[in-house]
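Q:
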Ligand code: NAD
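Numbering (the numbering used here), first residue to last: 1 to 321.
#1: Going by DSSP in three states, residue 185 sits in which element: helix, strand or coil?
#2: On the three-state DSSP scale, how would you describe residue 91?
#3: Identify whether residue 5 lies in helix, strand or coil by the three-state DSSP scheme.
#4: Taking 7 Å as the limit between beta carbons, can you name the residues of its chain near residue 152, skipping five residues before and five after?
#5: Within 7 Å: the Cβ of residue 313 and any heavy atom of ligand 1?
#6: Opposite residue 124 in the DSSP bridges: which residues?
#7: Please specify which runs of the beta strand (DSSP E), each continuous and at least 3 residues long, are wholly inside the segment 238-284, giving them in chain order.
#8: Could you give the C-beta distance for residue 271 and residue 300, rounded to a whole number, given that I count them as a contact under 8 Å?
#9: Hey, is residue 289 close to ligand 1, as in C-beta under 7 Å from one of its heavy atoms?
#10: Taking the alpha-carbon of residue 112 as reference, which of 71, 81, 302 has the nearest alpha-carbon?
#11: Can the beta-carbon of residue 202 be found less than 8 Å from the beta-carbon of residue 210?
#12: Between residue 180 and residue 12, which are expected to be in contact by the criterion C-beta below 8 Å, what is the C-beta distance as a whole number of angstroms?
#13: From the DSSP output, which residues share a beta bridge with residue 208?
#14: For residue 20, count neighbouring Cβ atoms within 10 angstroms of its own Cβ and tell me buried if that reaches 16, exposed if not.
#15: Which residue marks the beginning of the beta strand (DSSP E) containing residue 71, and which one marks its end?
#16: When you compare only the Cα positions, how much space is there between residue 60 and residue 292?
#17: Would you check if there are 3 or more beta carbon pairs closer than 8 Å linking the segment 86-94 to the segment 42-52?
#18: Mark residue 114 as exposed unless 16 or more other C-beta atoms lie within 10 angstroms of its C-beta, in which case mark it buried.
#19: Which term fits residue 82, buried or exposed, when burial requires 16 or more other beta carbons within 10 angstroms of its beta carbon?
#20: Determine the direct distance from the alpha carbon of residue 154 to that of residue 305, and round the result to whole angstroms.
#21: Do residue 156 and ligand 1 come close, with the Cβ less than 7 Å from some heavy atom?
#22: What is the residue span of the alpha helix (DSSP H) that residue 56 lies within?
#23: Less than 7 Å separating the Cβ of residue 214 from some heavy atom of ligand 1?
#24: Can you tell me whether DSSP reads residue 23 as helix, strand or coil?
#25: Only counting the same chain, and skipping five residues up and downstream in sequence, which positions put a Cβ closer than 7 Å to that of residue 35?
#26: Going by CA-CA distance only, name the one from 39, 30, 312 that's closest to residue 277.
#27: Buried or exposed, going by whether 16 or more other CB atoms sit within 10 Å of the CB of residue 241?
#28: On a CA-only basis, which of 314, 317, 268 is nearest residue 15? Give me that one, please.
#29: If you count every other CB in all the chains shown that lies within 10 Å of the CB of residue 173, and 16 or more means buried, which is it?
#30: Pull up the DSSP beta-bridge partners for residue 152, would you.
#31: Where does residue 129 sit, in a helix, a strand or coil, going by DSSP?
#32: Report all residues from its chain with a CB closer than 7 Å to the CB of residue 30; omit the five preceding and five following residues, and keep chain order.
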């Protein structure tokens with residue numbers, strides 16, 4: 001049934017029912033510019049009111065600030081703990097990467113303290129392409145996370161990163177059921193759809209799919225990406241041209257991009273970084289409009305044509321040899 005709040009979808013075999021629009025909390029760590037506590041609280045509270053129930057953070061975002069701010073906001077929202085799903089990460093910190101069993105075991109306790117929670121719903125190994133070897137993730141990190149799961153501090157385990165081949169490498173080598181979720185980013189939006197090819201494999205493995213950064217970390221917005229964005233000048237310029245094209249037609253590139261990502265139902269949740277009440281309301285409205293009327297196919301066709309020369313262009317991530 002089509003409603004005024006975002007729809008929920010099953011997340012793999014976890015039994016979790018996550019909102020199709022997820023709240024990416026990296027902006028709460030000032031990653032996309034400064035955000036006040038009042039703005040953060042009003043964004044989180046409004047998100048909950050509009051049916052967004054998945055909140056994703058990491059100790060890395062803003063050097064632990066995102067976790068602390070999210071924890072304060074969720075507590076102050078007054079919503080009961082079982083009405084929202086919290087995903088955090090381990091292994092990536094502002095000080096660097098450390099996927100050792102010892103570090104990730106301490107990490108969850110630190111995260112729980114900052115988040116003011118007894119447990120998180122999903123604990124992800126954060127950007128595993130930066131591990132000295134993916135075999136460390138398989139033989140050391142994931143077994144440590146299993147113990148954390150058994151202790152009740154995390155309900156489910158995930159892995160995240162940019163290159164898609166990391167997911168098959170790990171999932172082909174761990175015991176079935178030991179990874180519940182993957183979190184991919186910047187690979188399912190108008191400019192890059194490469195995650196699509198992996199969907200049947202992931203479904204076959206029974207792994208839940210979360211896709212982050214439908215706006216390609218700011219590339220597909222009117223204001224453009226932050227200075228640290230790793231895309232090539234060519235990709236940035238094509239995305240800028242697409243944003244200008246939409247604006248000239250009185251349309252918004254962010255709305256179109258989010259709707260594009262949301263239309264694929266095999267992706268359980270699309271995480272968007274949101275740093276204002278207005279963005280929360282716009283993104284929920286985009287999801288509701290998609291459910292009621294579908295995507296603006298004429299505009300999509302035009303934007304796809306502008307982005308065609310840079311289609312599926314990505315950037316390096318991980319330890320370069
Ligand atoms: P994104 O593509 O969601 O873009 C975020 C940017 O878009 C921010 O500047 C935000 O202010 C802006 N924005 C959001 N809604 C808008 C709207 N309606 N109009 C105009 N601008 C709008 O990129 P992201 O924040 O990097 O990704 C989303 C979340 O996914 C992150 O917060 C994080 O939780 C998660 N993520 C995880 C990983 C990982 O695990 N390796 C990587 C990337 C993202």
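By construction, the Cβ of each residue, glycine as well, lies at the ideal position given by its N, Cα and C atoms.
A: Put simply:
#1: strand
#2: coil
#3: coil
#4: 119
#5: no
#6: 89, 158
#7: 269-273
#8: That belief does not hold up - the Cβ atoms of residue 271 and residue 300 are roughly 21 Å apart, past 8 Å.
#9: no
#10: 71
#11: no
#12: 6 Å
#13: 181
#14: buried
#15: First-last for residue 71: 65-77, but that is the alpha helix (DSSP H), not the beta strand (DSSP E).
#16: 37 Å
#17: no
#18: buried
#19: exposed
#20: 44 Å
#21: no
#22: From DSSP, residue 56 is part of no alpha helix (DSSP H) but of the beta strand (DSSP E) over 54-56.
#23: yes
#24: strand
#25: 27, 28, 275
#26: 39
#27: exposed
#28: 268
#29: exposed
#30: None; residue 152 has no bridge partner.
#31: helix
#32: 62, 65
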